[in-house]
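Listed in order, the protein sequences are those of chains A and B. Going by the working numbering, the first sequence opens with residue 438, and the numbers climb by one from there. Going by the working numbering, the second sequence opens with residue 2, and the numbers climb by one from there. We put the CB at the ideal spot given by N, CA and C, even for glycine. Report on the structure given below.
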Amino acid sequence: MNHLFLLSLAICSSPFVRAAKRIDVLSQNYVIISDEFSADIAVGKCLVVGQIIEPDYTGEGQIIPLSGGLVATLDRKKTATSNAEGKYSLLLDSKDTSLFFYKSGKEEIVIWKYNFRSQHKVTINFYPGINSSMIMVDKPVIYMYSDEKINAEITFTCKGNLTFTYPEYNEKWEVTIDQNIITENKSGPNGPLRGKNYPYLFWEAQQEELEFEIQNQTMNGFLISTDSVINFLENSLTALGLNSTEQTDFITFWAPRMIVKPFALVHFLIGDDYAKNISELNITPTPDALRRVFMVFTPLETNQVGLTIKSQELKSFERFGFTVVEWGGSELNHLPQIP
Amino acid sequence: MNRLLFILILSLSLQGLSYESYPSRDPYTIISDSVDTSLQPGTCLVFGTAVVQPNYPIQNGTVATMNRSSSAFTDSKGNYSLMLNENDSAIFFYHPEYGEIVIWKYDFKSQHRVHINFYARSKYEEHQMVKKPVIYLYSDSEMNVELTLTHPKMTFTYPVYEDGWKVKTLADGSIQNRADQKNYPYLFWEGESTSLRYLSENNVVKGQLIKTDEIVTYLESALTAMGLNRKEQTDFITFWAPAIIKSPYVFIQFLVDEEYDNQIAELTVTPKPESRRRIFMQYTLLESAFVPFEFVLQEFSTFERTGLTLVEWGGSEISFRLEAN
Chain A
438 MNHLFLLSLA
448 ICSSPFVRAA
458 KRIDVLSQNY
468 VIISDEFSAD
478 IAVGKCLVVG
488 QIIEPDYTGE
498 GQIIPLSGGL
508 VATLDRKKTA
518 TSNAEGKYSL
528 LLDSKDTSLF
538 FYKSGKEEIV
548 IWKYNFRSQH
558 KVTINFYPGI
568 NSSMIMVDKP
578 VIYMYSDEKI
588 NAEITFTCKG
598 NLTFTYPEYN
608 EKWEVTIDQN
618 IITENKSGPN
628 GPLRGKNYPY
638 LFWEAQQEEL
648 EFEIQNQTMN
658 GFLISTDSVI
668 NFLENSLTAL
678 GLNSTEQTDF
688 ITFWAPRMIV
698 KPFALVHFLI
708 GDDYAKNISE
718 LNITPTPDAL
728 RRVFMVFTPL
738 ETNQVGLTIK
748 SQELKSFERF
758 GFTVVEWGGS
768 ELNHLPQIP
Chain B
2 MNRLLFILIL
12 SLSLQGLSYE
22 SYPSRDPYTI
32 ISDSVDTSLQ
42 PGTCLVFGTA
52 VVQPNYPIQN
62 GTVATMNRSS
72 SAFTDSKGNY
82 SLMLNENDSA
92 IFFYHPEYGE
102 IVIWKYDFKS
112 QHRVHINFYA
122 RSKYEEHQMV
132 KKPVIYLYSD
142 SEMNVELTLT
152 HPKMTFTYPV
162 YEDGWKVKTL
172 ADGSIQNRAD
182 QKNYPYLFWE
192 GESTSLRYLS
202 ENNVVKGQLI
212 KTDEIVTYLE
222 SALTAMGLNR
232 KEQTDFITFW
242 APAIIKSPYV
252 FIQFLVDEEY
262 DNQIAELTVT
272 PKPESRRRIF
282 MQYTLLESAF
292 VPFEFVLQEF
302 STFERTGLTL
312 VEWGGSEISF
322 RLEAN
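Have a look at this one:
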């Protein structure tokens, strides 16, 4: 609504053709104010200027500039910071096509594709909101296998808040495992009751923070073209030792969410990294074999991320005795935060 | 802000821009509210027009109070008029093709005339995701099976669907894809649609309104009644319940077997399964326990599993639209 207010002011004072254009980008939280030829700019260069403006929560239509915001190309080869008036200026090459705005605690804004023409001056204003989006820790499922029938107690502590569990998690899950079937142990007034059967235990949560780990502009992981997402996931999950049911459950859950953009940046949190970043899992008796795999990914419009990607090493594990496999994932809707 | 929005829309429309370029238009506008002493004390007259973008009148739409104590239909010009009691505070507009618009709270004052226009959305706008239908196949002995699916727009399949799936059922309940010799617990597809509607008979819908606190219990009992096993139930519940619990209420209608064939996608299987169950859940998330049409409790019957057995489930979130009778 605050953007609307600004826009309505703009409409009153500018030609309608442009006003209509602004309406189209309303949901994008940036506005391309103008794009004009300028002979003062060197051939092959394009000057981008503009202002970062905070939403006006007073509703009085004031313009509140945001200083210290970063405006940069996706490869971060050209960067600028907004001054006290919220203004920035950035000289691009005419072959550059994308730009983003970033400031910690603010909504990140990406312009994926724009034709920055030679000897042009483009004015782009950004209107970032507060970044309050929680990260969904999606669908961790826990499979348990045992040739001998055993009773197990499962507790876990996750970084976020639980939003859904199945069967219902009340401080713990108490189950019987027979082959690959999990049966919930329930107690009734006259002793134990036989509960329902489950193929896996399910939980879901929301947490505030999760980032790719980046050191010296280098990230362990994969930058994939989503055309080949099925092959990529099949190969990765096979390397990690997941069986065909676990792989199918994983792929049919995540692949449809990954193909929405042409590229994706992917990192797997495995074992201790899973425990450190997402949740700790305690099972009594201790499983003979345990595998925990959590995929963190960001869908991308381009493969220009300004990072060196080092292929993550994926190792298998041996299944024997009481075996537990857990997988989950999170989609990060922002670019990797480069320290 | 509503007033500002209205001025903005007005100024744009004067420039000959269609409403459709404006993404977030309010679904109704209170044009005026004025005293009319010719009205009986304790009553309030509401009148106006219902249109669908950009400006076509909607005929035979209902405008009514939530308990339907007062109701009116729109005429061929989209006009309606409705006499309310001053105690009324909420009214809705509803048309089976254009969905509903609710005015939750308005102070309808005694001896007032209130002019309210409704702006419905075009039926073509809704983009419905037919989500995660999964197909399970079971047989006592290994069997070669071919499946072809008729759906206009499939967005993702696994294993990859090319002119059909050619598979072998295995004794442990899993499915071997003959193309890659790999085993799968089920066949998966996903698609897009714009044509999903609630089925009705004489404008009465079979379905259920549920408080989402109780969604797990409801789904367990409904799916058990329809004959799904625990594995199928768990796959269904863990997929849909997290999406549903985000709102306090949900309206649900299941399309079963032939209804699934007719409304969602036809599935041809060779050899023909001895037993077959296809279940599709259409649902609408709600902020309050309000359903704009009449509905009766949907009942379910189970099915018997013998020989080659096929079970499929899927679902889609849709808005309150009824199939044209």
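Against B:ARG179, chain A offers no close residue; the least beta-carbon distance is about 15 Å (beta-carbon pairs closer than 9 Å).
Counting the other CB atoms within 10 Å of its CB gives A:GLN774 a total below 16, which places it among the exposed residues. Interface flag for A:ILE667 against chain B is set, since a Cβ pair is found closer than 8 Å. With contacts defined by Cβ atoms closer than 8 Å, A:ILE561 and A:ILE469 form a contacting pair. Contacts between A:SER681 and chain B, judged by CB atoms closer than 9 Å, involve SER175, LYS183, ASN184, TYR185 and PRO186 in chain order. Within its own chain, the residues whose Cβ lies closer than 7 Å to the Cβ of A:ASP575, once the five positions on either side in sequence are excluded, are GLU641, GLY765, GLY766 and SER767, listed in chain order. In this structure, A:LYS540 lies near A:LEU507, with their beta-carbon atoms less than 8 Å apart. Taking CB atoms only, B:LYS169 has no neighbour in chain A less than 8 Å away. Between the alpha carbons of B:GLN60 and A:ASN634 lies a distance of about 52 Å. For B:ILE117, no chain A residue has a Cβ inside 8 Å of its Cβ, as the nearest lies near 22 Å away. Going by C-alpha positions, B:ALA242 is about 20 Å away from A:CYS595. Secondary structure of B:GLU233 (DSSP, three-state): helix. Residue state for A:ARG729 is assigned as strand, using DSSP reduced to three classes.
Apart from sequence neighbours up to five positions away, the residues of its chain that approach B:ILE211 with a beta-carbon distance below 6 Å are TYR219 and VAL251, ordered along the chain. Counting along the chain, no alpha helix (DSSP H) covers B:ARG114; the unbroken beta strand (DSSP E) around it starts and ends at 113 to 121. Here B:LYS167 has GLU147 and ARG179 as same chain residues with Cβ atoms under 6 Å from its own Cβ, once five neighbours each way along the sequence are excluded. Under the Cβ criterion of 8 Å, B:PHE237 is not counted among the residues facing chain A. Where A:ASN672 is concerned, the enclosing alpha helix (DSSP H) starts and stops at 666 to 676.
Contact of B:PRO243 with chain A by beta-carbon distance below 7 Å involves THR600, PHE601 and GLU641. Boundaries around B:TYR219 are those of the alpha helix (DSSP H), 216 to 226, since no beta strand (DSSP E) includes it. Shown here for B:VAL64: same chain residues with a beta carbon closer than 6 Å to its own, the five before and five after excluded, namely ALA73, TYR81, LEU83 and PHE94 in chain order. Below the 9 Å Cβ cutoff, chain B contributes THR239, PHE240 and PRO243 as neighbours of A:LYS576, in chain order. For the region 214 to 225 of chain B, the beta-carbon criterion of a distance under 9 Å to any beta-carbon of chain A is satisfied by VAL217 and GLU221. Proximity of chain B to A:ALA701 at the Cβ level (cut-off 9 Å) is not reached, the minimal Cβ distance being about 15 Å.
Identification of chain A residues near B:LYS106 by a Cβ-Cβ cut-off of 7 Å yields none; the smallest Cβ-Cβ distance measures about 19 Å. Nearest neighbour of B:LYS133 by Cα position, chosen from B:GLU324, B:ARG322 and B:TRP314, turns out to be B:TRP314. Taking 8 Å as the CB threshold, A:ILE469 stays off the interface with chain B. Residues of the same chain with a CB within less than 7 Å of the CB of B:GLU305, apart from the 5 flanking positions on each side, are SER276 in chain order. Each residue's CA atom was taken as its position, placing A:GLY628 and A:TRP610 some 17 Å apart. Taking a Cβ-Cβ cut-off of 7 Å, A:LYS698 has no neighbours in chain B, whose nearest Cβ is about 14 Å from it. Annotation for B:GLN264: the continuous alpha helix (DSSP H) segment containing it runs 259 to 264. With respect to A:LEU769, A:THR739 sits apart: the two C-beta atoms are not nearer than 8 Å. The count of Cβ pairs closer than 8 Å, one atom from the region 144 to 164 of chain B and one from the region 668 to 675 of chain A, stays below three, leaving the stretches out of contact. For B:PHE157, the nearest beta carbon of chain A is closer than 8 Å to its own beta carbon. Rounded to whole angstroms, the separation of the alpha carbons of B:LEU138 and B:LEU309 is 7 Å. Taking 9 Å as the upper bound on Cβ-Cβ separation, chain B lies near residues ILE618, LYS633, ASN634 and TYR635 of the region 614 to 635 of chain A.
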